[in-house]
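**Student:** The following block contains the structure, expressed as structure tokens.
2 protein chains.
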Amino acid sequence: MSGPARVTHASTRAAVLDLVRAAGVISRVGLVNATGLTGGTISTVVRGLIDEGLVAETGHAESTGGKRRVMLQLNHFARYAVGVHLDDARITYVLTNLGGAVVARISRAGAAADEPAAVVARVAREVGALIDSVGVERDRILGLGLVAARPSEHHEFGRALERATGLPVVLDNDATAAAIGEHWSGGVGATSTFAALFMGTDVGAGVVLGGATYRGPSGHTGEIGHTCLDIDGPWCRCGARGCLEVLAGPAAVVEQARADRALSRAAGLVGGRTRAVTPIAADFAAISRAARQGNTRAVALLERSARYFAAAARTLANVLDLEVLVLTGPSFAIAGSVYLPVLRAELDSAFIARDAHPISVRLSPSAASAPAIGAAAIVLQSELVPRRQGLRLPDDLAAEEPPVFGQLVR
Amino acid sequence: MSGPARVTHASTRAAVLDLVRAAGVISRVGLVNATGLTGGTISTVVRGLIDEGLVAETGHAESTGGKRRVMLQLNHFARYAVGVHLDDARITYVLTNLGGAVVARISRAGAAADEPAAVVARVAREVGALIDSVGVERDRILGLGLVAARPSEHHEFGRALERATGLPVVLDNDATAAAIGEHWSGGVGATSTFAALFMGTDVGAGVVLGGATYRGPSGHTGEIGHTCLDIDGPWCRCGARGCLEVLAGPAAVVEQARADRALSRAAGLVGGRTRAVTPIAADFAAISRAARQGNTRAVALLERSARYFAAAARTLANVLDLEVLVLTGPSFAIAGSVYLPVLRAELDSAFIARDAHPISVRLSPSAASAPAIGAAAIVLQSELVPRRQGLRLPDDLAAEEPPVFGQLVR
DNA sequence: GAGGATTCTTCAGTTACTAAACAAAGAAAG
DNA sequence: CTTTCTTTGTTTAGTAACTGAAGAATCCTC
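Below is the structure:
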């Protein structure tokens, strides 16, 4: 046994709340052991959380020879959060409770090139409809998480949405959101080190290290789409060669499928025809459908892509010493069953730290709406588990403030 | 301007000390701005550090219209640390001061397959000689850092060395040590995100994220040697194909050189002959020497290796959103001039976050003894900047304690 | 040398913890 | 049923580390 562990979180209240969330059901003694705090401290902190209505007592555990433990768990319906995922093709809205469970969900066509003010009004209206559909009081909604592939482009949109809805808005990257969503809604331990491999139209990864979201100095962490897998491979838009994205991303898979006449016909690809919905997403879905129906050319195409993803996943796992890898995002939602076994086999046989600890590879149970759920989870996390801020050096103070994600748009 | 930043370190004393170290010279007001603490707190903390002799006042800054700032800096010769790097070929010892500057350095042949007890006695004797050569009092030496490629194999050795020398021993990975060494001895900002790309006989990377060393759940972080760079490439001992190590690591370069008769003769490779010194390191040095002397075949061989390293470095930088990349370790010490421009060109043209922030690629000024210097820096860090410990979940408590690096061997 | 600006110190008050005593609830044994 | 022991949870007094505000010290300008 090592000495008593010290809590690393900004506040003890937040740390305890996070443990209750992660554990599902836990007693005060369990919290004492997990935090290293004394019984007295836990007692008062828990009382505060119960007074706020965030935590509730839910019965007793079996006795272990003395007084039975009073079990605690999150009061799931004490607070809510809205999550919005802006995608080129679709806008997805979810309302989740404190546990990250989806209470309501709607999905609408993307905003394309509409005028910004009109999009703000429309999104605000649809958020309103989402909330009204379940009749939750506004003051129980902690805020609105807004996630997209390039969040920095949506800063002004976020501010406008804040004014239009009256809800605090938090902005973040979709892959990071997906990772936080997985972390919050359980399945992954509170202090685990994991990555959410995200595939939508783009490819990315959200990274959580030892339970803390890692975004990097400029929010560009997890650009796994530009993992080099072939030093002499085709050129990528990033300026280098042989990136995962250009070799095996959805766009690459669709391009290869279109070059195959027989497959194009069998799968009914949208092809060159222009549509309101981005044809990449539609065609990738069509290829996945064909693969599920046994089309061997479609299967081969996806398995080829999966081999590249597996190599990238292995690289990522080796670099970060990952414990868990979750596949998520719209494209894995429809094609994950092809990718999962390939990634699993690769990591089982070649993860460098596999003798030290296992690495678990899974498919997210809600891969399609993961970004939106994650967006809501970011609100839960940012409102309930206030982030600790970093040190700043004098040099940094002079420099302009960089955009910060996962925090209120201000 | 964002709100006041909160200190994330375990103790304010440690945070302030770390800032003084990183800044070089800083005033109390500078510390107030950097930490977000109030002037009163800084005043008392700084007084404590001055009383301990760790920090000294060193003059005044120009006035900005009022009282001049009293400048502070580390009292470099207040404390010392010993660093020991166990390599197959050599054992390197350094004694550094509080600033991480080398005060004394010796290097001896590796221990090969000698009996453990004899090696402990020998290392303890050589550490004693190192300390005596500069006449530093024992009680000013904070401890001994012991680093190697596979630190978990040296746990018992560390305990024995602790008894033999009477110094607290801290164990860690050599690549991680090199990164901490770079961080501690300056050049890299206190809160920066960077990696030390390490090449000795092995290949690895030490990772520092936002100023905090990242080791991962099992200390296997930064296994960049098993970055996949060719999905159909040659098999690697890790069980996968096309790893950086097998394509472009020192052993691979040497193997390719040996296959080239002309180059073998020109560079005078040790070849198959068995020697006390590992022939890989000797031959890699010979190839590097030949390249420096203008042997085009040697240059081509190293440049080929550099291309692979560049691709792996780009992958690492993209995944971690790096700000700085330092090349270090014995092999980069002799061949870094070939690798540096190739890596720099790759990252300048293809680092995905290059529009958000620059990435600086440099060669460590003390690449050859970086692991040993880093070993000493780990002592400085672990003794002066107590690490914050993580939360533990009930599940974790039941499990056996995993080996922890960068902390005292106990 | 008066007055303002800036730096640094002092000190009372607050917060979040710990340690230790205590109370409550159950198990085991007679 | 009573006693004794174990375990859980609460209360209370004390402490360390901070904040905020007032004041002292030092320097520049006029």
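As given, the protein sequences belong to chains A and B, one line each in that order. For the first sequence, counting from 1, position 332 maps to 332 in our numbering; every step adds exactly one. For the second sequence, counting from 1, position 390 maps to 1390 in our numbering; every step adds exactly one. C-beta atoms are modelled at their ideal positions from N, C-alpha and C, and glycine is treated no differently.
So which residues of chain B does Y308(A) contact, with C-beta pairs closer than 7 Å?
**Tutor:** Within the first sequence, residue 308(A) is the residue found at index 308, counting from 1. Those within 7 Å of Y308(A) in chain B are I1231.
**Student:** Report the CB separation of T38(A) from T12(A) in whole angstroms; it is logged as a contact under 8 Å.
**Tutor:** Locating residue 38(A) in the first sequence gives position 38, where the first residue counts as 1. Locating residue 12(A) in the first sequence gives position 12, where the first residue counts as 1. No, T38(A) and T12(A) are not in contact; Cβ-Cβ is about 11 Å, not under 8 Å.
**Student:** Pick out whichever of A1312(B), Y1308(B), R1258(B) has its Cα sitting closest to the Cα of A1298(B).
**Tutor:** Along the second sequence, read from residue 1 onward, the residue named residue 1298(B) stands at position 298. The candidate whose alpha carbon is nearest that of A1298(B) is R1258(B).
**Student:** Please classify S192(A): is it buried, with 16 or more other beta-carbons within 10 angstroms of its beta-carbon, or exposed?
**Tutor:** Locating residue 192(A) in the first sequence gives position 192, where the first residue counts as 1. Buried, by the Cβ-count rule.
**Student:** Can the beta-carbon of A240(A) be found closer than 8 Å to that of A1350(B)?
**Tutor:** Here residue 240(A) refers to the residue found at position 240 when the first sequence is read from its first residue. Here residue 1350(B) refers to the residue found at position 350 when the second sequence is read from its first residue. The beta carbons of A240(A) and A1350(B) sit closer together than 8 Å.
**Student:** With 8 Å set as the bound, which would you pick, yes or no: does the beta-carbon of Y214(A) sit closer than that to a beta-carbon of chain B?
**Tutor:** If you number the first sequence from 1, residue 214(A) lands on position 214. For Y214(A), the answer is yes, since a Cβ of chain B falls inside 8 Å of its Cβ.
**Student:** Going along the chain, which residues of the segment 223 to 249 of chain A sit with their C-beta nearer than 7 Å to a C-beta in chain B?
**Tutor:** E223, I224, H226, T227, C228, L229, D230, I231, C238, G239, A240
**Student:** Where are the alpha helix (DSSP H) runs, 4 residues long or more, that stay fully inside the segment 249 to 306 of chain A, in chain order?
**Tutor:** Residue ranges of uninterrupted alpha helix (DSSP H) with 4 or more members, entirely inside the segment 249 to 306 of chain A and ordered along the chain, are 250 to 259, 261 to 267, 279 to 292.
**Student:** Taking its Cβ as the centre, do 16 or more other Cβ atoms sit within 10 Å of D1202(B), making it buried, or is it exposed?
**Tutor:** Reading the second sequence from its first residue, position 202 is the one you call residue 1202(B). By the Cβ neighbour-count rule, D1202(B) is buried, with 16 or more other Cβ atoms within 10 Å of its own.
**Student:** Could you give the uninterrupted runs of the alpha helix (DSSP H) lying entirely in the segment 78 to 145 of chain A, keeping only those of 4 residues or more?
**Tutor:** 116 to 134
**Student:** Could you name the residues of chain B that D321(A) contacts, counting a contact when the two beta carbons are closer than 7 Å?
**Tutor:** Numbered from its first residue, the first sequence carries residue 321(A) at position 321. Result: G1216, P1217, S1218, H1220, T1221.
**Student:** Do you know how far the Cα of T1165(B) is from the Cα of D1114(B)?
**Tutor:** Indexing the second sequence from 1 puts residue 1114(B) at position 114. Indexing the second sequence from 1 puts residue 1165(B) at position 165. So the alpha carbons of these two residues sit roughly 19 Å apart.
**Student:** Between H1183(B) and chain A, is the shortest Cβ-Cβ distance under 8 Å, so that the two count as touching?
**Tutor:** Walking along the second sequence from the start, residue 1183(B) turns up at place 183. Not one chain A Cβ lies under 8 Å of H1183(B).
**Student:** Here's a check: name, in chain order, each residue in its chain whose Cβ is nearer than 8 Å to the Cβ of V1342(B), leaving out the five neighbours to either side.
**Tutor:** For the purposes of this step, residue 1342(B) is taken as residue 342 along the second sequence, with counting starting at 1. Answer for V1342(B): E1303, A1306, R1307, F1309, A1310, listed in chain order.
**Student:** Tell me where the beta strand (DSSP E) around R362(A) begins and ends.
**Tutor:** What you label residue 362(A) is simply residue 362 of the first sequence in a count that begins at 1. For R362(A), the enclosing beta strand (DSSP E) stretches over residues 360 to 363.
**Student:** Where D1139(B) and T35(A) are concerned, what is the direct C-alpha to C-alpha distance, given to the nearest angstrom?
**Tutor:** Locating residue 1139(B) in the second sequence gives position 139, counting from the first residue. Locating residue 35(A) in the first sequence gives position 35, counting from the first residue. Rounded to the nearest angstrom, the two C-alpha atoms are 35 Å apart.
**Student:** Enumerate in chain order the residues of its own chain whose CB-to-CB distance from I106(A) is below 6 Å, with the five nearest sequence positions on each side excluded.
**Tutor:** Position 106 of the first sequence, counted from the first residue, corresponds to residue 106(A). For I106(A), where only same-chain residues beyond five positions count, the Cβ hits under 6 Å are Y93, L130.
**Student:** Would you tell me roughly how many angstroms separate the C-alpha atoms of D260(A) and A266(A), rounded to the nearest one?
**Tutor:** To locate residue 260(A), count along the first sequence from 1; it is residue 260. To locate residue 266(A), count along the first sequence from 1; it is residue 266. Rounded to whole angstroms, the gap between the alpha carbons of D260(A) and A266(A) is 10 Å.
**Student:** List the endpoints of the continuous beta strand (DSSP E) containing V1342(B).
**Tutor:** Counted from its first residue, the second sequence places residue 1342(B) at position 342. No beta strand (DSSP E) holds V1342(B); the alpha helix (DSSP H) holding it covers 1330 to 1350.
**Student:** Hey, does L1098(B) have any beta-carbon neighbour from chain A nearer than 8 Å?
**Tutor:** As a first step, residue 1098(B) must be located in the second sequence, where it is residue number 98. Cβ-Cβ to chain A under 8 Å: no for L1098(B).
**Student:** Kindly list the residues whose CB is nearer than 7 Å to the CB of Y944(B), restricted to its own chain and excluding five residues on each side of it in sequence; keep chain order.
**Tutor:** Because residue 944(B) is not part of the residues shown, which for chain B are 1001 to 1410, the question remains open.
**Student:** If you measure from the beta carbon of E57(A) to each beta carbon in chain B, is any gap under 8 Å?
**Tutor:** Counting from 1 along the first sequence, the entry for residue 57(A) is found at position 57. Taking Cβ atoms only, chain B never reaches closer than 8 Å to E57(A), which makes this a no.
**Student:** What is the rounded straight-line gap between the Cα of P1112(B) and the Cα of I359(A)?
**Tutor:** Residue numbering aside, residue 1112(B) sits at position 112 when the second sequence is read from its first letter. Residue numbering aside, residue 359(A) sits at position 359 when the first sequence is read from its first letter. Sequence inspection shows Ala at residue 1112(B); the Pro mentioned does not correspond to that position. Answer to the nearest angstrom: the Cα atoms are 34 Å apart.
**Student:** Quick check on R21(A): does DSSP put it in helix, strand or coil?
**Tutor:** Stepping through the first sequence from its first residue, residue 21(A) is reached at position 21. It is helical.
**Student:** Of the residues A160(A), V84(A), V134(A), which one's Cα is nearest the Cα of V120(A)?
**Tutor:** On the first sequence, position 120 is the one that residue 120(A) refers to. Selected option, being the one with the closest Cα: A160(A).
**Student:** In angstroms with no decimal places, state the Cα-to-Cα distance between A1014(B) and I1026(B).
**Tutor:** Your numbering for residue 1014(B) matches position 14 in the second sequence. Your numbering for residue 1026(B) matches position 26 in the second sequence. C-alpha of A1014(B) to C-alpha of I1026(B): approximately 15 Å in a straight line.
**Student:** Quick one, which residues of the segment 1191 to 1208 of chain B are near chain A if we go by CB-CB under 7 Å, in chain order?
**Tutor:** T1191, T1193
**Student:** Return the residue from the list V46(A), G83(A), V82(A), E52(A) that minimises the CA-CA distance to S71(A).
**Tutor:** To locate residue 71(A), count along the first sequence from 1; it is residue 71. The sequence given here places Met at residue 71(A); Ser does not occur at that position. Shortest Cα-Cα distance from M71(A) to any of V46(A), G83(A), V82(A), E52(A) involves V46(A).
**Student:** For T1058(B), report the span of its beta strand (DSSP E) as first-last.
**Tutor:** What you label residue 1058(B) is simply residue 58 of the second sequence in a count that begins at 1. 1055 to 1060 is the span of the beta strand (DSSP E), which, as asked, contains T1058(B).
**Student:** Between G1100(B) and S1185(B), is the Cβ-Cβ spacing less than 8 Å?
**Tutor:** To locate residue 1100(B), count along the second sequence from 1; it is residue 100. To locate residue 1185(B), count along the second sequence from 1; it is residue 185. Going by beta carbons, G1100(B) and S1185(B) fall inside the 8 Å limit.
**Student:** Looking only at its own chain, which residues have a Cβ that is under 7 Å from the Cβ of N97(A), when we skip the five neighbours before and after it?
**Tutor:** Position 97 of the first sequence, counting from 1, holds the residue named residue 97(A). Once the five neighbours on either side are set aside, the close Cβ partners of N97(A) are H76, F77, Y80, V103.
**Student:** When you compare only the Cα positions, how much space is there between L1019(B) and Y214(A)?
**Tutor:** Position 19 of the second sequence holds residue 1019(B). Position 214 of the first sequence holds residue 214(A). Taking the straight line joining both Cα atoms gives about 22 Å.
**Student:** Near G128(A), which residues of its chain fall below 8 Å by C-beta distance, leaving aside the five closest residues on each side in sequence?
**Tutor:** Residue mapping note: residue 128(A) aligns to position 128 of the first sequence, counting from 1. For G128(A), where only same-chain residues beyond five positions count, the Cβ hits under 8 Å are T165.
**Student:** Around the Cβ of G233(A), are there at least 16 other Cβ atoms within 10 angstroms (buried) or fewer (exposed)?
**Tutor:** Stepping through the first sequence from its first residue, residue 233(A) is reached at position 233. G233(A) comes out buried.
**Student:** Which residues, taken in chain order from the segment 1348 to 1368 of chain B, show a beta carbon closer than 7 Å to some beta carbon of chain A?
**Tutor:** Taking 7 Å as the upper bound on Cβ-Cβ separation, chain A lies near residues S1349, A1350, I1352, A1353, A1356, H1357 of the segment 1348 to 1368 of chain B.
**Student:** According to a CB-to-CB cut-off of less than 8 Å, which residues of the segment 1290 to 1318 of chain B neighbour chain A?
**Tutor:** R1307, Y1308, A1311, A1312, R1314, T1315, L1316, N1318
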